[in-house]
Amino acid sequence: MLDKTFNPAAVEEKHYTLWEEKNAFAANHEAGKEPYTIMMPPPNVTGSLHMGHALTFTLQDILIRYNRMKGKDALWQPGTDHAGIATQMVVERRLEAEGVTRHDLGRDKFIDKIWEWKAQSGGTIVNQLRRLGASADWAKERFTMDEGLSEAVRKVFVELYKQDLIYRDKKLVNWDPKLHTAISDLEVEQREVNGKMWYFNYPLEGEDGKFVTVGTTRPETMLGDTGVAVHPDDERYKDLIGRNVILPIVNRAIPIVADEYADPEKGSGAVKITPGHDFNDYEVGKRCNLEIINVLDLNAHLNENVPEKYQGMDRFEARTKVVAEMEELGLLVKIEENPMTVPYGDRSGVVIEPWLTDQWFVKADVLAKPALEAVETGKTRFVPKQWENTYYEWMRNIQPWCISRQIWWGHQIPAWFDEDGNVYVEMTEEAAQKAAGEGVKLTRETDVLDTWFSSALWPFSTLGWPEKTPQLDHYYTTDVLVTGFDIIFFWVARMMMMGIHFMGEVPFKDIYIHALVRDEQGAKMSKSKGNVIDPLELIDQYGADAMRFTLTAMAAQGRDIKLATSRVEGYRNFATKLWNAARFCQINGCKPVKGLDAASVKHPVNRWIVGKVGEVAGEVGTAIDGYRFNESANAIYGFAWGTFCDWYLEFTKPILNGDDESAIEETRATTAWVFDQILHILHPMMPFITEELWESMADERDMQLISAAWPEKLLDDSDANEEMDWLVQLISTIRTTRSELNVPGSVALSVYLQGANEKTAQRLVRNENLIKRMARLGSINLVDEAVAHGCVQEVVGESTVFINVVDHMDVAAEKARLEKEIANLDKIIGGKEKKLANEKFVANAPADVVATERQKVQELSEKNAKFKEALARLTSAL
RNA sequence: GGGUCGUUAGCUCAGUUGGUUAGAGUGCUGCCUUGACAUGGCAGAGGUCACAAGUUCAAAUCUUGUACGACCCA
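All letters in the first sequence, in the order written, are residues 0 to 877 by numbering that gives the first Met the number 0.
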């Protein structure tokens, strides 16, 4: 016998271990089954499970478990990425505690330290995924720094280089002065800040007392100014073009140039140009042949190209100093408040500097074309569709992708330089040597590649590429990528580009973009706000199933999830409900009967529930296929609780407690069978409790639930369905009356049905005990004449129901109730009749809509007529 | 500044191609310790579907505009 309540902690670990022992998660490309593949977006190896992970992996697990039950060869390919910068930071911080820097160790030893750390702590997140119940094929787990994946990276790099799609160039890049590396545009976060605009006078050369006023938000960069730009049509400055100003402090003569970048409407209309430290100025400098002077070092301290007193000074300190000095010189005109956006490094949190360095770039625009086309032509489909626009927008305006990073942890770029600076890009040093010629001294590029470069290859590198493996053949193109919108650019777009370029086919058929998990108020969860909900704490508190089900039920397309723990609690209660339904089954001897042909059960109540459970299996399956996860959760929730527990189990109690042995036997078998079906349908969403109950409900099972087949619809008996619908209506009607009149539960009422047809009469006979029990009646009888006295009158189907509540009856209130009921029906019927009288409606609306309306008018009118008779009887009795 | 999305019951949200008497969960109210379950049962109240105009026989659903809000990009 099961315990009185479900204790998740007691079963979660047990079943996860059992699944792994039985290899239940393993895909098998040799099984001869149709593949179903999901590439798990590899979490950072430094990561730990947050709510976003919990959502995305729950949804993926549902898809995988469902398709596995549908008989597919389901591969959920797991792994982690090496998270270059993040991981390096983690290990550096640990070394810092020992007073050691990575430079003390040197590159090789430092990398050894990272591998040590990875061996020790790198498994955190994948273990947390196990707590969530993720049924990934762990035997195939990969890591972006694996030997095989690293080879794939080298191969891709070399090929793209030889195809002229990767190049090396000296350009302004986003430089992180804390981490000492370039980063891509995407890793830069634009923050709104309240800055200032300083206006400086630059003296005109050779004309004492004449100035050009320029505005700047970054005074310290003036030390690197090499020009002043004005708009070519700006009358104020027309005659100054070609002359020089003397750059204060530095005392350098710099030219005034004409360029349309200068906006006459903004500030003074003249703008100082610092080509070495601003992306726009860099372009202006190129157009106008201005000198590029770099005044910052890798720490964003001022370097040897500025006056001595400024050298070595931090950029922000220099800003204050420059302003002070300009003021002393009498050249500070004014200071204005200026709201502006400032670039910050998303990892380091410091202000990013545009900095001139040698970097490697991918010609993303070339790769983007076929990737764009794949979505336009529907080879890959975004769900929800609207995300296409985000993707298009980015792909159509794509910039060269800076892929080199000046860090140590990552795939070192396979490029070698000779002493003349010639570069050789090859898979191995030997090949590079061969290309360079014997005896040429080569030095390897020290930069590593952006982590996203290797994760862009994930859909095929994990399957063995560049080898032509059977797995690659079988599982690529994958079925769906499930991810959040925040990495459409970072990852999705790049996988599309690389997948199409190297495999010739798109990496996934569908891209399902799910919501963001927010807090109850709708704010983004963040450590600094302190509103983070830890999924592991939720699992400890409510169980993994309850948390998974909550996320599933709230995962409506295109909506963010505002997570409230009250919802988790609600679904924990659902688990308890299920648990107790199982206990009920056990107590009543409802045990699965092997070989039961559910389609041939006899009793209407059993035929009805067998039909309904098949229906809901279809609904849930269709919803999952369409990525409408919330619908799938709601459908099975409503069925398990509302239909099965609240109605079916109550309907069958009189049978089980009766003396018809064959009916008892059939009902026990059906109950157990239906409950089994519920466990199947619920399993993808709540794997632990369903597996546990699957195990406990029978003495012996042929297999684990995880490996069982998804239920099929077996039966749809409309007679049985109508009978049960009638029962539900009749019982609900009597219950409502009881409740409204406050009839105590202990009072057994008498009920009379008048005007019942033959079918109803038979139904009444068949279900008399059941109705009496569920509606708490002393008797229920068919009558020919109305029994108005002391009765509340209701209408169910074709018959009028007289509920004898003589001691509780308030005739005036009853009259009011009937009048209200009639008025309501009159209104509805009136509306419909008006509609039907409209020739245009009859002419234009589809025939079935018109027919439905006619039928409704008919039914409602009959019902209304009965209420009117009831009212008349009541009035005459007064 | 460009773009995307949202506004439906007190709260959180469903509502597939226009045709339902507009639904669910939660909260609220009343009754019920009935032999699976009080983490429960039964019943109930609660909505001019943000606003305005338009298209249509028919609009929560389509179009346009307004207001408010969210997010992405520059």
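Backbone N, C-alpha and C fix where the C-beta goes; we use that ideal spot for every residue, glycine too. Treat the numbers as computed from the prediction; the structure is a model and nothing was measured.
Assuming residue i and residue j make a contact with CB atoms under 8 Å, what is their CB distance in whole Å?
| i | j | result |
| --- | --- | --- |
| Ala844 | Ser798 | That pair is no contact at about 32 Å. |
| Ala574 | Ile688 | 5 Å |
| Thr36 | Trp578 | No, Thr36 and Trp578 are not in contact; Cβ-Cβ is about 34 Å, not under 8 Å. |
| Ala747 | Leu776 | 6 Å |
| Val424 | Ala414 | 5 Å |
| Arg106 | Trp400 | So it is not a contact: roughly 25 Å between Cβ atoms. |
| Thr273 | Gly223 | 5 Å |
| Thr669 | Ala597 | 7 Å |
Kindly list the residues whose CB is nearer than 6 Å to the CB of residue i, restricted to its own chain and excluding five residues on each side of it in sequence; keep chain order.
| i | result |
| --- | --- |
| Asn780 | Tyr751 |
| Met685 | Asp544 and Phe548 |
| Gly194 | Thr216, Asn337 and Met339 |
| Ile560 | Ala514, Val516 and Met553 |
| His276 | Thr220, Gly223 and Pro353 |
| Glu504 | Thr476 |
| Pro369 | Ile499 |
Between residue i and residue j, is the Cβ-Cβ spacing less than 9 Å?
| i | j | result |
| --- | --- | --- |
| Ser135 | Gln76 | Looking at the sequence shown, residue 135 is not Ser but Ala. A contact, by the Cβ cut-off of 9 Å. |
| Phe650 | Ala580 | no |
| Ile245 | Leu297 | no |
| Gly610 | Asp715 | yes |
| Val615 | Ala719 | no |
| Ser403 | Ala181 | yes |
| Thr45 | Thr86 | yes |
| Ile412 | Tyr198 | no |
| Leu817 | Leu873 | yes |
| Gln761 | Ala869 | no |
| Arg667 | Lys590 | yes |
| Trp116 | Val125 | no |
| Arg64 | Ile705 | yes |
| Glu699 | His602 | no |
| Phe278 | Pro218 | no |
| Val800 | Leu729 | yes |
| Thr759 | Gly796 | yes |
| Glu158 | Pro247 | no |
Find the nearest neighbour of residue i within the set the options, judged by alpha-carbon distance.
| i | options | result |
| --- | --- | --- |
| Leu178 | Arg734, Arg101 and Gln792 | Arg101 |
| Ala455 | Met495, Asp446 and Arg443 | Met495 |
| Arg734 | Arg765, Pro506 and Val804 | Val804 |
| Glu186 | Ala671, Asp485, Asp544 and Met684 | Asp485 |
| His500 | Asn421, Asp364 and Asn656 | Asp364 |
| Asn572 | Ala434, Met546 and Val321 | Met546 |
| Val283 | Gln310, Ile255, Glu303 and Glu264 | Ile255 |
| Val10 | Leu58, Gly105, Arg130 and Val746 | Arg130 |
| Phe489 | Val848, Thr450, Glu793 and Glu466 | Thr450 |
| Val532 | Tyr541, Thr564 and Ile512 | Looking at the sequence itself, residue 532 is Ile, so the reference to Val does not match. Closest option to Ile532, Cα to Cα, is Thr564. |
| Thr461 | Pro506, Val673, Phe674 and Leu704 | Pro506 |
| Gln127 | Thr57, Val192 and Val89 | Thr57 |
| Lys819 | Lys440, Phe866, Lys839 and Thr851 | Phe866 |
| Gln917 | Val90, Gln676, Val322 and Val305 | Residue 917 lies beyond the range of the chain shown here (0 to 877); nothing can be said about it. |
| Leu371 | Glu140, Ile397, Thr225 and Asn863 | Ile397 |
| Met243 | Met426, Thr225, Asp258 and Lys108 | Before going on, a small fix: residue 243 reads as Asn here, not Met. For the residues Met426, Thr225, Asp258 and Lys108, the minimum Cα distance to Asn243 belongs to Thr225. |
| Trp646 | Ser599, Leu678, Leu769 and Asp701 | Leu769 |
Might you give, ordered along the chain, the residues of its own chain that have their beta carbon closer than 7 Å to the beta carbon of residue i, omitting 5 neighbours on each side?
| i | result |
| --- | --- |
| Lys69 | Trp709 |
| Ile827 | Leu859 |
| Gly409 | His81, Gly83, Val447, Leu448 and Thr450 |
| Val567 | Leu537, Tyr541, Ala545, Met546 and Thr549 |
| Ala73 | Ala26, Tyr35, Ile63, Asn66 and Arg67 |
Leaving aside the five residues before and after residue i along the sequence, list all residues of the same chain whose C-beta is less than 8 Å from its C-beta, in chain order.
| i | result |
| --- | --- |
| Leu835 | Val841, Val849, Glu852, Arg853 and Val856 |
| Pro465 | Glu150, Ala151 and Lys154 |
- Message: Does the contact criterion of 3 or more C-beta pairs under 8 Å hold for the stretch 342-351 versus the stretch 470-489?
- Response: no
- Touch test, the stretch 691-706 against the stretch 542-559, Cβ-Cβ under 8 Å, three pairs minimum: no
- Query: Between the stretch 221-237 and the stretch 254-271, are three or more C-beta pairs nearer than 8 Å?
  - Reply: They touch, by the three-pair rule.
- Using 8 Å as the Cβ pair cut-off and three pairs as the minimum, do the stretch 367-386 and the stretch 201-210 touch? no
- Message: Would the stretch 286-293 count as touching the stretch 247-265 if we require 3 or more Cβ pairs under 8 Å?
- Response: The stretch 247-265 and the stretch 286-293 touch, with three or more beta-carbon pairs separated by less than 8 Å.
- Query: With contact counted as at least three CB pairs below 8 Å, one residue from each stretch, are the stretch 651-661 and the stretch 625-641 in contact?
  - Reply: no
- Message: Check whether the stretch 95-112 and the stretch 42-54 touch, using three or more Cβ-Cβ pairs below 8 Å as the test.
- Response: no
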